[in-house]
Every structure is written in C-alpha cells, then in structure tokens.
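K.L.:
The structure follows.
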Amino acid sequence: MKTPGIEIRRITDMTTNRHFCEVFFTDVRVPKGNLVGQPGGAFGQTMRQLEHERGGIDRLVSNYAQFQHAISVCDTSDPLIRQEIASLEMGYRIGRILVIREVLRQAPAGFSAATKCFCTEHQQRVDSFVFRMMGADGMIFDDMVQGLIYGPGYTIMGGTSNVMRNILGERVLGLAKG
C-alpha cells in the first residue's frame with residue numbers, strides 16, 4: 250500500500266475507531282513480483298477475497314455475549330420479550346446455517362452476499378434489542394456498549410446491504426443491472 254499512486258484517506262467512525270478508509274489508485278504500477286493472480290484479473294481476485302470476508306462467522310457472533318447479557322437482565326415474563334428473544338435466537342441459527350454452507354462451499358458463487366446481508370442486519374436487530382433491555386445502562390460507554398455502537402459499521406464493511414442485494418440480483422439470480 251506504499252506503492253506510488255496509492256492514496257489512503259482514513260475515516261473516523263462514531264466510536265472513534267479508524268477501521269474505514271478510502272483508497273484511491275492513480276496510475277499505479279505493480280511490479281511483476283508483487284502481482285497476485287493474472288494480469289488484468291484484479292476484479293475477479295478481489296471478488297473471491299470478498300466472498301471469504303462476507304461469509305465469515307464473525308458477522309454473526311460478534312454480539313452474542315451482549316445478547317445473552319440482555320436476556321439475563323430483561324423481564325422474560327413478558328410474552329412479547331420472549332417472542333423477540335426466540336426470533337433473535339432463530340436468526341442466530343439461520344445465520345449459522347448460511348455460514349456453514351459458505352465454509353463447506355455448498356452455496357452458489359456470490360451467495361456470500363446473502364450471508365453477509367442477513368448476518369449484519371441480524372446483528373443490528375440484536376443490538377437494538379440489547380440497548381432496549383439495558384435501559385439507562387446502555388448509555389454507559391464501556392467495551393460492551395462500544396461494541397454495540399460499532400455494529401452498524403458491519404453493514405458497511407465488505408459492501409453495504411444495498412450493494413449485497415445488487416450482487417444477489419445480478420450475479421446469483423441473473424437479473425438485469427439497473
């Protein structure tokens with residue numbers, strides 16, 4: 250990333266982390282010894298790498314400990330809360346199935362977009378539940394809350410949910426671009 254012509258602009262998110270950046274390539278020349286894959290094959294190589302990034306289990310389980318904590322402090326006598334807990338737990342199970350299909354290469358090419366979309370949106374539903382169950386304690390900025398606040402970033406990393414839906418439509422379902 251220190252090759253002439255590569256410019257990196259870091260982006261600070263709402264948790265003060267700097268995990269995001271913009272990368273600009275202007276007339277970059279790659280020495281033959283540093284070439285990964287075939288000349289002119291960068292897009293395909295990048296797509297293969299993103300398939301692995303998007304289908305990872307980290308998208309699914311990064312907030313499971315917070316979910317368990319919220320269950321331990323909430324009013325489980327409320328049937329609506331129990332129903333929401335059951336729905337979220339089913340989301341974890343569905344997500345596991347999607348991730349396992351990716352790991353075992355049982356999913357069609359491009360399907361990691363669906364896995365990523367489902368898991369990161371599920372993560373946001375869980376984060377919302379946890380904040381509601383924590384009440385005022387959710388305002389204390391500790392490691393757990395910082396992790397929850399960072400959650401929306403996962404729907405951006407590796408491609409937004411809208412980008413994932415476009416990939417599914419165009420590459421998996423064969424729909425027209427547009």
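The letter at position 95 of the sequence shown is residue 344 when you use my numbering, and the numbering goes up by one with no holes.
In this text, a Cβ means the ideal position worked out from N, Cα and C, and glycines have one as well.
Keep in mind the model is a prediction, meaning the values are calculated, not measured.
So for Cys270, helix, strand or coil by DSSP?
P.N.:
Counting from 1 along the sequence shown, the entry for residue 270 is found at position 21. DSSP places Cys270 in strand when its eight states are reduced to three.
K.L.:
When you compare the CB positions of Leu299 and Gly407, do they come within less than 8 angstroms of one another, or not?
P.N.:
As a working note, residue 299 is residue 50 in the sequence shown. As a working note, residue 407 is residue 158 in the sequence shown. Going by C-beta atoms, Leu299 is nearer than 8 angstroms to Gly407.
K.L.:
Please report how far the alpha carbon of Ser336 lies from the alpha carbon of Thr275, in whole angstroms.
P.N.:
Here residue 336 refers to the residue found at position 87 when the sequence shown is read from its first residue. Here residue 275 refers to the residue found at position 26 when the sequence shown is read from its first residue. So the two alpha carbons sit approximately 48 angstroms from each other.
K.L.:
Just tell me which of Met250, Pro288, Gly286 and Ala291 has its CA closest to the CA of Phe273.
P.N.:
Here residue 273 is taken as the residue at index 24 of the sequence shown, counted from 1. Of Met250, Pro288, Gly286 and Ala291, the residue nearest in Cα terms is Met250.
K.L.:
Tell me the residue span of the beta strand (DSSP E) that contains Ile260.
P.N.:
Taking the first residue of the sequence shown as 1, we reach residue 260 at position 11. Note, Ile260: beta strand (DSSP E), Ile255 to Ile260.
K.L.:
Give me, in chain order, the residues of the same chain whose beta-carbon lies closer than 6 angstroms to that of Tyr399; leave out the 5 immediate sequence neighbours on both sides.
P.N.:
Along the sequence shown, read from residue 1 onward, the residue named residue 399 stands at position 150. Only Thr264 meet the Cβ criterion.
K.L.:
Report the residue from Arg420, Ser321 and Glu370 whose alpha carbon sits nearest the alpha carbon of Ser311.
P.N.:
On the sequence shown, position 62 is the one that residue 311 refers to. Checked all of Arg420, Ser321 and Glu370; the closest Cα to Ser311 is Glu370.
K.L.:
Looking at the structure shown, is Thr404 part of a helix, part of a strand, or coil, going by DSSP?
P.N.:
For the purposes of this step, residue 404 is identified with residue 155 of the sequence shown, where counting begins at 1. It is helical.
K.L.:
Taking His268 as the reference, which of Val421, Pro357 and Tyr403 has the closest Cα?
P.N.:
Mapped onto the sequence shown, residue 268 falls at position 19. Ranking the options by Cα distance to His268, first place goes to Tyr403.
K.L.:
Is it buried or exposed, Cys270, if we count other Cβ atoms within 10 angstroms and call 16 or more buried?
P.N.:
On the sequence shown, position 21 is the one that residue 270 refers to. By the 10 Å Cβ count, Cys270 comes out exposed.
K.L.:
Assuming contact is defined by CB atoms lying nearer than 8 angstroms, are Cys366 and Arg414 in contact in what I supplied?
P.N.:
Translated into positions along the sequence shown, residue 366 becomes position 117. Translated into positions along the sequence shown, residue 414 becomes position 165. Contact flag set, yes.
K.L.:
Between which two residues does the alpha helix (DSSP H) harbouring Arg373 extend?
P.N.:
Counting from one through the sequence shown, the residue named residue 373 turns up at place 124. As written in the sequence, residue 373 is Gln, which differs from the Arg given in the question. That run of the alpha helix (DSSP H) goes Ser361 to Met383.
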